[in-house]
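Going letter by letter, the sequence shown gives residues 57 to 241 in our numbering. Glycine included, every Cβ here is placed at the ideal spot set by N, Cα and C. Source: prediction; values computed, not measured. Since the structure comes first, as structure tokens, the remarks are kept for the end.
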Amino acid sequence: MLRRLVFVALLIGAYTLHAQSPADLAANEGIWEGYDGEWRYASRLLVSIAEAIPADKYGWRPEPGVRSVSEVLMHIVQSNYYLLSVTGPKMPPELESNDVEKKIVSKPEVTAYLRRSLEAVKTARAQLKPGDLQRKVKIYGETVDVDGMYLRIICHDNEHMGQLIAYARVNGIVPPWSAGVVLPK
Numbered sequence: 057m058l059r060r061l062v063f064v065a066l067l068i069g070a071y072t073l074h075a076q077s078p079a080d081l082a083a084n085e086g087i088w089e090g091y092d093g094e095w096r097y098a099s100r101l102l103v104s105i106a107e108a109i110p111a112d113k114y115g116w117r118p119e120p121g122v123r124s125v126s127e128v129l130m131h132i133v134q135s136n137y138y139l140l141s142v143t144g145p146k147m148p149p150e151l152e153s154n155d156v157e158k159k160i161v162s163k164p165e166v167t168a169y170l171r172r173s174l175e176a177v178k179t180a181r182a183q184l185k186p187g188d189l190q191r192k193v194k195i196y197g198e199t200v201d202v203d204g205m206y207l208r209i210i211c212h213d214n215e216h217m218g219q220l221i222a223y224a225r226v227n228g229i230v231p232p233w234s235a236g237v238v239l240p241k
């Protein structure tokens, strides 16, 4: 039993050493650095997967009635701004419509909106004072704190990143970070 444990520990150690190449370290920049580091990391991955998916696949959907690639990305955009608006910053008027996901579909437009929404969250959070995170806000009849809203934003974005990874892989697209591509900061 002890031999097995030692063997497993050695395997894990070898994997950890292998996983720490300069490219891996650069790709993982931000992980474990609190909310702001995790936000930078998630934002970089979202933009890179959006850029890696070819424009002709932005209309692809796994089956009828399920969001397409562009619709998932615009859902992220609209949700980022909506959840952010609960904490104070206003949602851009052009994104208030219920059919935004169906109207904004081209890769250049979608990726531009994605970048702006990610930057809006980053900027708004950077302007908060420590006490602001405990301020209470209302959403769907519930009273929550601002900190919880920011946590919801990052969790929601990561949830849909997983969806986009699945969409990409089904279409033969390897996420850039899995292919060893160093992502821009």
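At the level of alpha carbons, what is the spacing between residue i and residue j?
| i | j | result |
| --- | --- | --- |
| V122 | E152 | 21 Å |
| A224 | L174 | 21 Å |
| L129 | T199 | 28 Å |
| L170 | L101 | 12 Å |
| V226 | P149 | 35 Å |
| A98 | V133 | 14 Å |
| I109 | I221 | 10 Å |
| G218 | S104 | 13 Å |
| A106 | I229 | 11 Å |
| R96 | K158 | 28 Å |
| E215 | E94 | 14 Å |
| E165 | Y114 | 11 Å |
| P232 | G144 | 34 Å |
| K185 | P120 | 45 Å |
| A235 | G197 | 44 Å |
| D112 | Q190 | 44 Å |
| Q183 | D92 | 12 Å |
| V237 | K163 | 21 Å |
| K146 | T167 | 20 Å |
| E89 | N154 | 35 Å |
| C211 | G187 | 22 Å |
Output yes or no for whether 7 Å exceeds the beta carbon distance between residue i and residue j.
| i | j | result |
| --- | --- | --- |
| R117 | S124 | yes |
| R181 | Y206 | yes |
| D201 | K192 | yes |
| L139 | R208 | yes |
| V161 | N136 | no |
| I195 | V142 | yes |
Please classify residue i as buried or exposed, where buried requires at least 16 other C-beta atoms within 10 Å of its C-beta.
| i | result |
| --- | --- |
| D213 | buried |
| T179 | exposed |
| L61 | With a pLDDT of only 37 at L61, under 50, the local geometry of the prediction cannot be trusted, and the value read off the model is given with reservation. Counting Cβ neighbours within 10 Å, L61 comes out exposed, since fewer than 16 surround it. |
Task: Unbroken stretches of the beta strand (DSSP E), 3 residues or longer, contained in the segment 158-233 - done: 192-195, 198-201
- [ ] Only counting runs of 3 or more residues, tell me where the beta strand (DSSP E) segments fall wholly within the segment 106-166, in order along the chain.
- [x] none
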